[in-house]
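Here full-length UniProt numbering is used: the first residue of the sequence shown is 1, the next is one more, and so on.
Built from N, CA and C at the ideal position, the CB exists for glycine as well.
It should be emphasised that the depicted structure is a prediction, and the values quoted were computed from it without experimental measurement.
Okay, structure first, notes after.
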Amino acid sequence: MMNVSYFFSLESLTPLSAYHTSVGYFHIYFIYLVLFKFTMLRLYLAFALCFSCGLGAVDFDFNTTPCSIKDNECIVGLWQNAVRSLSDGRPDLDIPALDPLKLDNIFVDVPGLVSLRFDGILKGFKGCIFDKARTTLKRGHFKEALDLHCDISIAGRYLLQANSSALFGRDGIIQADGEGKVKLDNLYFKFLMDFLIIQDEEGVLKFVLKDGPMGYKYKIKGPVVFEGNNITLGGQDISPLVISFVNQNWRLVLDSFGGPFFARAMQEVGDFERAFFRHVSATSYFKENLDDYAVKY
């Protein structure tokens with residue numbers, strides 16, 4: 001009858017009847033099991049650590065292949081990719097959302113004419129088309145002008161008081177506590193950015209956008225369409241009358257009251273670009289060696 005009473009040793013299957021001659025094998029086997037389990041535990045922990053690090057790794061979801069300073073088409077493509085890929089924001093990188101863009105606590109006050117407070121959001125930057133880029137370099141500075149055009153919308157809640165006689169020739173105060181929206185098509189921007197070129201303590205070249213509002217110009221080719229409700233005069237709803245007036249005179253309205261909205265939006269765009277360049281080095285942006293342009297900090 002076959003003897004099946006075996007236990008595993010390191011070298012072979014050893015009969016139990018031979019155990020008295022192989023006590024050392026048992027000890028070696030026991031040590032082997034301990035070492036094996038300890039090694040596997042270390043491998044598991046290392047894998048788990050690497051996996052968790054991978055989840056938290058910084059990874060831009062767009063191509064950062066550097067461009068030549070003179071290759072404006074490449075720079076246009078880089079910005080197009082950056083805005084489309086990052087417009088939702090990256091909280092892990094402290095990159096704020098660009099689309100939708102919060103526009104809270106916007107105040108417009110023209111003494112004797114109108115007082116307006118607005119809280120809402122702007123949408124459309126993600127779909128902007130970048131048309132042109134122009135770059136200039138001098139020691140310590142990198143300047144870039146970007147031309148782009150967009151279709152955007154701004155929607156939210158407003159509180160309004162306006163002098164009716166100044167607007168419609170009727171005595172009284174127009175009051176509003178409602179919701180509104182404006183859609184601006186063919187909005188053309190020129191962003192004017194002035195960066196410092198610095199070399200940090202680790203020798204990495206960085207572009208740092210100067211503090212304060214980013215330079216910009218804009219032109220609205222239209223059409224522009226306003227919507228709104230709950231606009232009253234003497235207890236009577238005159239929303240259709242007011243909305244018709246602003247739609248017929250949208251250029252005058254935006255020239256008079258659009259400034260604070262654009263200023264806030266451009267401040268947010270500047271914050272987006274500052275955050276972007278905290279994670280994109282100069283060598284990731286331009287192919288050329290910029291060491292001679294950098295100022296050490």
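Nearest neighbour of residue i, chosen from the options [CA to CA]
i, options, result
"Asn-72", "Asp-147, Asn-186, Thr-283", "Asp-147"
"Cys-67", "Leu-241, Leu-192, Ala-294, Ser-281", "Ser-281"
"His-149", "Lys-221, Phe-272, Arg-251, Phe-195", "Lys-221"
"His-141", "Tyr-158, Lys-210, Leu-196", "Leu-196"
"Gly-178", "Tyr-293, Ile-152, Glu-202, Asp-119", "Asp-119"
"Ile-174", "Leu-241, Asp-255, Arg-157", "Leu-241"
"Tyr-293", "Asn-249, Phe-130, Gln-80, Val-204", "Val-204"
"Ala-162", "Trp-250, Ile-152, Thr-232", "Thr-232"
"Gly-156", "Lys-143, Lys-138, Leu-116", "Leu-116"
"Asn-247", "Val-182, Tyr-218, Gly-172, Lys-287", "Val-182"
"Ala-145", "Lys-296, Lys-217, Asp-151", "Lys-217"
"Val-83", "Cys-128, Phe-277, Tyr-285, Phe-257", "Cys-128"
"Thr-136", "Lys-219, Gln-267, Lys-70", "Lys-70"
"Phe-168", "Gly-89, Asp-291, Ser-85, Ile-243", "Ile-243"
"Gly-212", "Arg-139, Ala-263, Asn-289", "Ala-263"
"Gln-267", "Phe-191, Gly-112, Lys-296", "Phe-191"
"Arg-170", "Gly-234, Gly-89, Ala-265", "Gly-234"
"Gly-180", "Arg-139, Asn-230, Asp-104", "Asn-230"
"Asp-92", "Gly-258, Ser-284, His-279, Asp-237", "His-279"
"Leu-254", "Leu-184, Glu-201, Leu-290, Asn-289", "Leu-184"
"Asn-81", "Phe-130, Asp-237, Arg-90", "Phe-130"
Coarse secondary structure for residue i, derived from DSSP in three states
i, result
"Leu-98", "coil"
"Ile-75", "helix"
"Met-214", "coil"
"Lys-123", "strand"
"Ile-243", "helix"
"Asn-105", "strand"
"Asp-171", "coil"
"Glu-202", "coil"
"Leu-113", "coil"
"Val-280", "coil"
"Gly-180", "strand"
"Ala-275", "helix"
"Gly-259", "helix"
"Ala-294", "coil"
"Phe-51", "Residue placement at Phe-51 cannot be trusted, given a pLDDT of 31 that sits under 50; the coordinates are not used to answer."
DSSP bridge partner residues for residue i (one or two, in chain order)
i, result
"His-67", "One detail in the question is off: residue 67 reads as Cys in this sequence, not His. Answer is Phe-286, bridged to Cys-67."
"Val-187", "Residue 187 is actually Leu in this sequence, not Val. DSSP lists Cys-150, Ile-220 as partners of Leu-187."
"Gln-161", "Ser-115, Gln-175"
"Leu-196", "His-141, Val-208"
"Asp-92", "According to DSSP, Asp-92 bridges with nothing at all."
"Ala-155", "Ile-121, Lys-181"
"Glu-268", "Glu-268 pairs with nothing; no bridge assigned."
"Arg-84", "Note: Arg-84 sits in no beta bridge, so no partner."
"residue 309", "The chain is shown only over 1 to 297; residue 309 falls outside these bounds and no answer can be derived."
"Ile-129", "His-149"
"Arg-134", "Ala-145"
"Gln-236", "Leu-233"
"Val-225", "Lys-183"
Check whether residue i and residue j have beta carbons under 8 angstroms apart
i, j, result
"Lys-126", "Ser-165", "no"
"Leu-187", "Ile-154", "no"
"Val-108", "Pro-260", "yes"
"Leu-159", "Ala-176", "yes"
"Lys-206", "Ile-198", "yes"
"Gly-124", "Ile-106", "no"
"Val-208", "Phe-277", "yes"
"Lys-143", "Met-214", "no"
"Ala-265", "Leu-101", "yes"
Legend entry - Inter-stretch contact (C-beta, 8 angstroms, three-pair minimum) for the segment 264-277 and the segment 91-104: The segment 264-277 is in contact with the segment 91-104.
Legend entry - contact_flag[the segment 76-91, the segment 223-234] where n(CB pairs < 8 angstroms) is 3 or more: Because the criterion of three Cβ pairs below 8 angstroms is not met, the segment 76-91 and the segment 223-234 do not touch.
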